[in-house]
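A.B. asks: Here UniProt numbering runs 5 ahead of the position in the sequence shown, where the first position is 1.
Just passing along the structure, written as structure tokens.
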Amino acid sequence: KRLAVFCSGTGSNFKALFHAIIERELPAEIVMCLSNRSQCGAIDFAKEYGIETLHLSESQFGSHDDFARAMLSELRDRQIDMILLAGYLRKIPDAVIAAYPEKIVNIHPSLLPQFGGHGMYGMRVHEAVIASGETRSGATVHFVNEEYDKGRIIMQNHVPVLPGDTPKTLAERVLRCEHRLYPAALEKLLDKQP
Ligand code: GRF
Numbered sequence: 006k007r008l009a010v011f012c013s014g015t016g017s018n019f020k021a022l023f024h025a026i027i028e029r030e031l032p033a034e035i036v037m038c039l040s041n042r043s044q045c046g047a048i049d050f051a052k053e054y055g056i057e058t059l060h061l062s063e064s065q066f067g068s069h070d071d072f073a074r075a076m077l078s079e080l081r082d083r084q085i086d087m088i089l090l091a092g093y094l095r096k097i098p099d100a101v102i103a104a105y106p107e108k109i110v111n112i113h114p115s116l117l118p119q120f121g122g123h124g125m126y127g128m129r130v131h132e133a134v135i136a137s138g139e140t141r142s143g144a145t146v147h148f149v150n151e152e153y154d155k156g157r158i159i160m161q162n163h164v165p166v167l168p169g170d171t172p173k174t175l176a177e178r179v180l181r182c183e184h185r186l187y188p189a190a191l192e193k194l195l196d197k198q199p
């Protein structure tokens, strides 16, 4: 399967997926790293490993529709089968979601449906979890649909929220959980694909 990874930041999930594909000999290849940023950790990693990078952001286009059309043609030009969002902080245009039904996947750093939705990303998630008094958190891999963090859940893994946890210590624990969860979810998806 030909994968595109969409990133906006460090790219630690991208790195975990890349290494898992090699080490577990998964039937997949990361063909492109797309980012709304012109520079970020994920782009540096992609360049280091010879993966094509593409800077595509709505601000480069006159309209949202032009942006959506450009994203679609870039994906089609590379015959992408599946899109993995990994720390990508922009909405996927509805036209792209429609063209890739149950083929766009995201990882979110909480046990969805709790602590998800528009604006719930990064440290805000962990602050909310701690403030809620929850004793468990975790990560969720889910299909992407037209609403933030609402698509069908593929796999989840949980971690404890410990007394004295700060958003930072919880975020680090959840991120380590993500790096195990995303490759496992990808493996499951690839097993299912015809
Ligand atoms: C992580 O919290 C992840 O859950 C979210 O984006 C954050 C950064 O991910 N999707 P990465 O290190 O850029 O993969």
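Backbone N, C-alpha and C define an ideal beta-carbon position, used for all residues, glycine too.
Since the structure is predicted, the reported quantities are computational estimates derived from the model, not experimental observations.
(1) Bridge partners for Pro165 per DSSP, in chain order?
(2) Use the C-beta contact count for His123: other C-beta atoms within 10 angstroms, 16 or more gives buried, fewer gives exposed.
(3) Please name the residue in Asn162, Asp49 and Val130 whose C-alpha comes closest to that of Thr174.
(4) Helix, strand or coil for Val134, going by three-state DSSP, please let me know.
(5) Could you give the first and the last residue of the continuous beta strand (DSSP E) run that contains Cys45?
(6) Look at the alpha carbon of Asp99 and the alpha carbon of Asp70, and state the distance between them as a whole number of angstroms.
(7) Only counting the same chain, and skipping five residues up and downstream in sequence, which positions put a Cβ closer than 8 angstroms to that of Ala73?
(8) Got a sec? Which residues, its chain only, sit under 7 angstroms from Asn150 by beta carbon, not counting five neighbours each side?
(9) Is residue 202 near the ligand GRF, in the sense that its beta carbon is under 8 angstroms from a heavy atom of that ligand?
(10) Ignore the nearest five residues each way along the sequence and tell me which others in Ser13's own chain have a CB closer than 8 angstroms to its CB.
(11) What do you reckon, are the CB atoms on Leu194 and Met87 nearer than 9 angstroms?
(12) Would you give the residue range spanned by the beta strand (DSSP E) that Glu177 belongs to?
C.D. replies: On the basis of the data shown:
(1) Arg141
(2) exposed
(3) Val130
(4) helix
(5) Premise fails: Cys45 is in no beta strand (DSSP E) and is neither H nor E.
(6) 10 angstroms
(7) Pro98, Asp99, Ala100 and Val101
(8) Ile102 and Gly156
(9) As displayed, the chain neither begins before 6 nor continues past 199, which places residue 202 out of reach and without an answer.
(10) Ser40, Asn41, Arg42, Cys45, Ala47, Gly92, Tyr93, Leu94 and Arg95
(11) yes
(12) That residue, Glu177, is in no beta strand (DSSP E); its alpha helix (DSSP H) goes Pro172 to Lys197.
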